[in-house]
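Participant: Residue numbers (my numbering), protein chains in the order written: chain A, -1 to 420; chain B, 49 to 150.
A virtual CB, placed ideally from N, CA and C, is assigned to each residue, including glycine.
Below you'll find the structure I mean.
What follows is the structure, encoded as structure tokens:
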């Protein structure tokens, strides 16, 4: 019974609180909603104002600052594009010019005679249009014993690239007969400081030709290929001396006194890479046009024939090559130099690179037979080369020569050469 | 008579050959006009590397791809195409290899 009045009191109190508190609560809740609504409305208004301003801004012309910033960025983009095009111009141009060539400085010390320094250089020019035309030319500049500078146009030909397998050359070109004259004679390529006997002037191997040449290569299966070269040219001139043919001049001439063109060519087979076997030859007429050092006219023409075989093989650091060439002039009884003759030479060469391919040892044997005993020569040449770069080397060599006693062809020689191809 | 005829016949043969040659080469020449702008083709690069290894030590020491610039290689490779009896296709492959390795 004691609890009854107490609980009555507490429930009355609760009721009182509730009754008095509820209108206050209801009141503040509604206020807040109003407040929020007002705020939202205000924000919406503000947003509309901002939007309108933004739109006005957008439509309004740029300020000067803004305009200049925009212009600058467009200009910068354009400049970058132009710079990129300009940077690639050299790569994408239709024509290319290229200067190449080689130079050498020698020291030659013969057994009998004076040792001397020798210098020459051979600049080479390439002008190319797309991949259709190449003009290639080489000038040979040599300083003679008396100090004169001797200059010769070694070759100058315009090469037209006809298709995958054909190139047509016109002008003066290195004789495609054999391999040494066209591919081995530059000093940075030749592994010895001297050319093998019979491969120089008035020798057994033709040097150059003025005419036209068609050449190229054909793939035969996966591994093998063949290359070919065929030419028509003015041919050689003969030099007479004391009623004999002194030599066959094959420098390449723009005149043709015998009025008969020379036809020739070379075919090579590469049954597998780095092994080449080739046969070459030429035929035509020649005539004596110089006798005892003076021009000579009216000598009859006579048959001229060339035959050559060459082979080369590379395996790792080993390089082997060999070549045989023979030029043949027929007899002609009514000539000022009636007797013809055979100029014949052959060589075999082996070279081996060692010590990280920095050094190379070379041995070459040559046997050259000329109708003139004082020109014939048998030679052993031994050399050691130090390779400064793939196309720059220092060569030390010794030649053991056997010729007519008392002639320079019989003198052994020491040779030192520095050669650089660029 | 015979003397004069031989060169003429030979010239005629050469011109016929070059005539067909020029016609044939037209399409391939256009395709290969500026090799440097061609899309890089890894197969061509690989073919070029192989052809380079097989051909470029036959006559002289192997020249380093880094020796020359891309444009210089264009001229040097055209020159070597003539010297070494390379086909146009081999030449282009080797050029791509050299230009990608310098």
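Is it true that the CB of residue 106(B) sits closer than 8 angstroms to the CB of residue 132(B)?
Facilitator: Yes, they are a contact pair.
Participant: Which residues of chain B have a Cβ atom closer than 8 angstroms to the Cβ of residue 272(A), listed in chain order?
Facilitator: Those are 102, 105, 106, listed as they occur along chain B.
Participant: Does the contact criterion of 3 or more C-beta pairs under 8 angstroms hold for the segment 152 to 171 of chain A versus the segment 197 to 217 of chain A?
Facilitator: Output reads yes: the segment 197 to 217 of chain A touches the segment 152 to 171 of chain A.
Participant: Can you find the residues in the same chain that come closer than 7 angstroms, C-beta to C-beta, to residue 171(A), ignoring five residues on each side of it along the sequence?
Facilitator: Answer for residue 171(A): 153, 155, 206, 207, 211, listed in chain order.
Participant: Taking only the alpha-carbon atoms, compute the straight-line gap between residue 287(A) and residue 303(A) and give it to the nearest angstrom.
Facilitator: If you take the alpha carbons of residue 287(A) and residue 303(A), they lie about 18 angstroms apart.
Participant: Among 33(A), 419(A), 403(A), 128(A), which residue has its Cα nearest to the Cα of residue 110(A)?
Facilitator: Selected option, being the one with the closest Cα: 403(A).
Participant: Consider the Cβ of residue 73(B): report whether some Cβ of chain A lies at a distance smaller than 8 angstroms.
Facilitator: Bear in mind that the predicted position of residue 73(B) carries a pLDDT of just 43, short of 50, making it unreliable; the figure below should be weighed with that in mind. Taking Cβ atoms only, chain A reaches closer than 8 angstroms to residue 73(B), which makes this a yes.
Participant: Would you say residue 87(B) faces chain A, with C-beta separation under 8 angstroms as the test?
Facilitator: Not an interface residue.
Participant: So the candidates are 310(A), 220(A), 327(A), 256(A); which of them puts its Cα closest to the Cα of residue 295(A)?
Facilitator: Selected option, being the one with the closest Cα: 256(A).
Participant: What does residue 126(A) reach in chain B if we use C-beta pairs closer than 9 angstroms?
Facilitator: Per Cβ cutoff of 9 angstroms: 122, 123, 126, 127.
Participant: Cβ closer than 9 angstroms: which chain A residues qualify as neighbours of residue 110(B)?
Facilitator: Here the neighbours are 388.
Participant: Roughly how many angstroms lie between the CA atoms of residue 89(A) and residue 195(A), to the nearest whole one?
Facilitator: If you take the alpha carbons of residue 89(A) and residue 195(A), they lie about 44 angstroms apart.
Participant: Can you grab the Cα-Cα spacing for the pair residue 237(A) / residue 122(A), in whole Å?
Facilitator: Each residue's Cα considered, the two are about 30 angstroms apart.
Participant: From what residue to what residue does the beta strand (DSSP E) around residue 319(A) run?
Facilitator: Per DSSP, residue 319(A) belongs to the beta strand (DSSP E) from 316 to 327.
Participant: Who are the Cβ neighbours of residue 145(B) in its own chain at under 6 angstroms, not counting the five residues just before and after it?
Facilitator: The answer, listed in chain order, is 93, 96, 97, 100.
Participant: Secondary structure at residue 67(A), three-state DSSP: helix, strand or coil?
Facilitator: Residue state, collapsed to three classes: helix.
Participant: Please state if the CB of residue 271(A) and the CB of residue 109(B) are separated by a distance shorter than 8 angstroms.
Facilitator: Their beta carbons are not under 8 angstroms apart, which means residue 109(B) does not touch residue 271(A) by this criterion.
Participant: Considering only C-alpha positions, which residue in the set 383(A), 382(A), 344(A), 388(A) is nearest to residue 367(A)?
Facilitator: Comparing Cα-Cα distances from residue 367(A) to each of 383(A), 382(A), 344(A), 388(A), the minimum goes to 344(A).
Participant: Taking DSSP as the reference, what is the three-state secondary structure of residue 121(B)?
Facilitator: Three-state DSSP puts residue 121(B) in a helix.
Participant: Tell me where the alpha helix (DSSP H) around residue 137(B) begins and ends.
Facilitator: Its alpha helix (DSSP H) spans residues 136 to 147.
Participant: Rounding to the nearest angstrom, what Cα-Cα distance links residue 369(A) and residue 383(A) in this structure?
Facilitator: Those two C-alpha atoms are separated by around 34 angstroms.
Participant: To which residues of the same chain is residue 275(A) closer than 6 angstroms at the C-beta, ignoring the five residues directly before and after it?
Facilitator: 267, 309.
Participant: The segment 282 to 313 of chain A: which residues have C-beta closer than 8 angstroms to a C-beta of chain B, in chain order?
Facilitator: Answer in chain order: 310, 312.
Participant: Label residue 306(A) either buried or exposed according to how many other C-beta atoms from any shown protein chain fall within 10 Å of its C-beta, with 16 as the threshold for buried.
Facilitator: Looking at its Cβ environment, which holds 16 or more other Cβ atoms inside 10 Å, residue 306(A) is buried.
Participant: Would you tell me roughly how many angstroms separate the C-alpha atoms of residue 117(B) and residue 185(A), rounded to the nearest one?
Facilitator: Computed Cα separation, rounded: 23 angstroms.
Participant: Spell out whether any CB of chain B is found under 8 angstroms from the CB atom of residue 41(A).
Facilitator: False, the Cβ-Cβ gap to chain B never drops below 8 angstroms.
Participant: If you run the structure through DSSP and keep just helix, strand and coil, what is residue 186(A)?
Facilitator: If DSSP states are grouped into helix, strand and coil, residue 186(A) belongs with coil.
Participant: With which residues is residue 121(A) paired in a DSSP beta bridge?
Facilitator: Note: residue 121(A) sits in a beta bridge opposite 99(A).
Participant: Output the boundary residues of the alpha helix (DSSP H) element that contains residue 91(B).
Facilitator: Note, residue 91(B): alpha helix (DSSP H), 90 to 103.
Participant: Could you check what DSSP says for residue 26(A) in three-state terms: helix, strand or coil?
Facilitator: The answer is helix: DSSP assigns residue 26(A) an H, G or I state.
Participant: Which same chain residues, not among the five before or five after residue 254(A), have their C-beta less than 6 angstroms away from its C-beta?
Facilitator: Once the five neighbours on either side are set aside, the close Cβ partners of residue 254(A) are 232.
Participant: Pick out the complete beta strand (DSSP E) segments inside the segment 283 to 312 of chain A, 3 residues or longer, and give them in chain order.
Facilitator: Counting only runs of 3 or more, we get 286 to 289.
Participant: Could you tell me the alpha carbon to alpha carbon distance between residue 145(A) and residue 101(A), rounded to whole angstroms?
Facilitator: In a straight line, the C-alpha of residue 145(A) is about 18 angstroms away from that of residue 101(A).
Participant: Looking at C-alpha atoms only, which residue of 356(A), 157(A), 273(A), 380(A) is the closest neighbour of residue 348(A)?
Facilitator: Residue 348(A) has its Cα closest to that of 380(A), out of 356(A), 157(A), 273(A), 380(A).
Participant: Rank 399(A), 385(A), 401(A), 410(A) by C-alpha distance to the C-alpha of residue 418(A) and give the top, closest one.
Facilitator: The residue with the shortest Cα to Cα distance from residue 418(A) is 385(A).
Participant: Tell me the rounded alpha-carbon separation between residue 301(A) and residue 374(A).
Facilitator: Using only the alpha carbons, I get a separation of about 23 angstroms.
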